[in-house]
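Heads up, the thing below is written out as structure tokens.
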Amino acid sequence: QVYNLDASYKLIRIADKAVVAEGKSYSRAGFERMKSIFSNVRAREDAENRAARTVGEELRTRLLAILSREA
Numbered sequence: 008q009v010y011n012l013d014a015s016y017k018l019i020r021i022a023d024k025a026v027v028a029e030g031k032s033y034s035r036a037g038f039e040r041m042k043s044i045f046s047n048v049r050a051r052e053d054a055e056n057r058a059a060r061t062v063g064e065e066l067r068t069r070l071l072a073i074l075s076r077e078a
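Throughout the sequence shown, residue numbering follows the working numbering, covering 8 to 78 in sequence.
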């Protein structure tokens with residue numbers, strides 16, 4: 008199985024409501040299905056966490072780059 012996570016973001020300047028940056032990020036995390044229901048739930052949760060960590064790190068890097076130019 009593959010868990011897919013797609014995220015969109017907009018960075019909006021509060022002063023004038025202008026969109027400073029926007030984009031999309033995605034991550035895919037594979038996991039194996041087992042006979043045990045508990046194992047399947049746990050494997051999917053682990054895949055969700057890995058995908059979320061990947062997307063979070065990418066968005067953080069993008070936003071830091073954008074904010075360093077704006078300052």
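Glycine included, each C-beta is placed from N, C-alpha and C at the ideal position.
What is the rounded straight-line gap between the Cα of E39 and the Cα of N56? 15 Å
Do V62 and S32 have their C-beta atoms within less than 8 Å of each other? yes
Compare the Cα-Cα distances from T68 to each of V48, I21, A22 and G30 and report the closest residue. G30
Using the DSSP secondary-structure output, state which residues sit across from N47 in a beta bridge. None, per the DSSP bridge assignment.
How about M41 and A50: are their beta carbons less than 8 Å apart? yes
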